[in-house]
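Quick note: the sequence shown uses the numbering used here, first residue 3, plus one each step.
Each residue gets a CB set at the ideal place from its N, CA and C atoms; glycine is no exception.
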Amino acid sequence: MATASLSASARSATGKGVARSLRRDGRVPAVIYGHARTPQALSVDARELGRLLERVSAETTVIELAVDGSTSRTLIRDIQRHPVKRAILHVDFQELVAGEKVTVNIPLVLTGTSIGVRLNGGILTQVMSELSCRVDPAEIPSRIEVDVTNVNVGGSVHVSDLTIPAGVEVMSDEGDTILTVSASKAG
């Protein structure tokens, strides 16, 4: 499980005008919500948030969010970005409760080189890049590795073929295809 720290400030004013003025001042409007908590409007330093997102996976990293003296364990649930400039416009944080499982999308990382690609000129097509899972926040893996070394032309890897870490409950169907290796069209 990866963790990171971030500081935020509570804010009482909300709305489009307030959000624009926060962004002008180098802050990003945000909200924190959770199990038995009323949603709370926040603002986060844009530079600090940008640096954090450069070095961690937003969906699988538990963020220790310090809000005016109190700290909450959170996950980033949504990041809204400007469609052209890609600047962060808004962030949603979900507060985590100990012992309560959360649903996250865990990245699937391919390892090895497929014999179908290396020796037989096949084409590897990755159908799924992440896997929806329910897991305790303390046990969120940063990724699930998929070994493709023994996949030949005509072969595929399904969810049921994966080695899933203990404590992780896969939400996807076991028959879902992760990747296939097909014959090259040339020839």
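field: For V20, three-class secondary structure by DSSP
entry: helix
Buried versus exposed, by CB contacts within 10 Å (16 or more), P85: It is exposed - the Cβ of P85 has fewer than 16 other Cβ atoms within 10 Å.
task: Rounded to whole angstroms, what's the CA-CA distance from L70 to H92? Just pull it up for me.
output: According to the sequence shown, residue 70 is Asp rather than Leu. Cα to Cα, the separation comes out at about 19 Å.
message: In the DSSP output, what is R53 paired with across the bridge?
response: DSSP, once it has assigned bridges, lists no residue as partnering R53.
query: If you run the structure through DSSP and keep just helix, strand and coil, what is V155?
result: Here V155 sits in coil by DSSP.
query: So, do the segment 98-105 and the segment 130-142 have three or more beta carbon pairs nearer to each other than 8 Å?
result: yes
- request: Indicate whether L98 and E132 have their beta-carbon atoms separated by less than 7 Å.
  value: no
field: Extent of the continuous alpha helix (DSSP H) run through I78
entry: It is not in any alpha helix (DSSP H) - I78 instead sits in the beta strand (DSSP E) that spans 72-83.
Residues bridged to S134 (per DSSP): Looking at the DSSP output, S134 sits in a beta bridge with N107.
task: Mind checking which residues open and close the alpha helix (DSSP H) that includes V69?
output: Taken as a continuous stretch (DSSP letters only), V69 belongs to no alpha helix (DSSP H), being part of the beta strand (DSSP E) at 63-69.
- request: Could you have a look at R25 and say whether DSSP puts it in helix, strand or coil?
  value: helix
- prompt: When the Cα atoms are used, what is the spatial distance from V161 to V155?
  reply: 19 Å
- prompt: Can you find a CB in chain D that lies within less than 7 Å of the CB of D94?
  reply: Note that chain D does not occur in the displayed structure, where there is just one protein chain.
Segment limits, beta strand (DSSP E) that includes V119: Segment 117-120 is the alpha helix (DSSP H) holding V119; no beta strand (DSSP E) there.
query: Can you name, in chain order, every residue of its own chain whose Cβ lies under 8 Å from the Cβ of D47, other than the five neighbours on each side?
result: Take D47, set aside five residues on each side of it, and the residues of its chain with a beta-carbon closer than 8 Å to its own are S9, G28, R29, V30, in chain order.
message: Using a 10 Å radius around the Cβ and a threshold of 16 neighbouring Cβ atoms, would you call S186 buried or exposed?
response: exposed
field: Assigned secondary structure, P139 (DSSP; H/G/I helix, E/B strand, else coil)
entry: helix
task: Could you check the C-alpha separation between S11 and Q96 for me, to the nearest Å?
output: 16 Å
field: For R39, the residue or residues it bridges with in DSSP
entry: G36
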